[in-house]
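Mapped onto this note's numbering, the consecutive letters of the sequence shown carry residue numbers 1 to 52.
Written out below as structure tokens is the structure these notes cover.
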Amino acid sequence: MSSLGLLKEVVEFLWQRKLFWLAPIMLVLLLIGVLLVVSSGSALAPFIYTLF
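Right, dumping it as structure tokens:
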């Protein structure tokens, strides 16, 4: 299964069950995860880790 297929299934699940309030939570968690992965090898890592 491709990652786009998984994303489509998650969106359909949220849409069918009217769980729109979960979308911002999932988006914030995804952005934090991407930020941590991208910054882990850079010189910005010590500054970003102090935020958490």
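Yeah, the Cβ is synthetic: ideal placement off N, Cα and C, and Gly gets one too.
Verify whether the separation of the beta carbon atoms of Ala35 and Ile48 is less than 8 Å.
Position 35 of the sequence shown, counted from the first residue, corresponds to residue 35. Position 48 of the sequence shown, counted from the first residue, corresponds to residue 48. Note that residue 35 corresponds to Leu in the displayed sequence, not to Ala. Yes, they are a contact pair.
Per-residue DSSP class, three states only, for Leu51:
Here residue 51 refers to the residue found at position 51 of the sequence shown. Looking at Leu51 - three-state DSSP - the assignment turns out to be coil, as it is neither helix nor strand.
Inspect the beta-carbon positions of Leu14 and Leu6 and report whether they are closer than 8 Å.
Along the sequence shown, read from residue 1 onward, the residue named residue 14 stands at position 14. Along the sequence shown, read from residue 1 onward, the residue named residue 6 stands at position 6. No, the Cβ-Cβ distance between Leu14 and Leu6 is not below 8 Å.
Starting from the C-beta of Ala45, find all residues in its chain whose C-beta is less than 8 Å away, skip the five residues before and the five after it, and write them out in chain order.
Indexing the sequence shown from 1 puts residue 45 at position 45. If we look at Ala45 and ignore the five residues flanking it on each side, its Cβ neighbours are Ser39.
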